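Undergrad: Input: one structure, supplied below.
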Amino acid sequence: NEKVTLRDVWRQKDMGKLQNEFTARIPSHGVKLLKVFLK
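Using full-length UniProt numbering, read the sequence shown as starting at 1 and increasing by one per residue.
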């Protein structure tokens with residue numbers, strides 16, 4: 001299990017470092033675009 005950094009591409013903000021899982025609430029017909037970096 002490596003730590004990764006998540007970045008919200010549309011908001012241009014880092015969402016923090018994660019190790020195991022990520023959960024997001026996305027409304028019906030909504031979209032979230034994330035970029036995952038190994039660090």
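Think of the CB as a built atom: it goes at the ideal place given N, C-alpha and C, for glycine as much as any other residue.
If you're wondering where the values come from, they're calculated on a predicted model, not measured in any experiment.
1) Contact defined as beta carbons within less than 8 angstroms: I believe V9 pairs with L38. What is the distance between those atoms, to the nearest angstrom?
2) Taking the C-alpha atoms as reference points, what is the distance between T23 and K32?
3) Roughly how many whole angstroms lie between the Cα atoms of N20 and I26?
4) So for F22, helix, strand or coil by DSSP?
TA: Result, derived from the coordinates:
1) Incorrect: roughly 17 angstroms between the Cβ atoms, too far for contact.
2) 12 angstroms
3) 20 angstroms
4) coil
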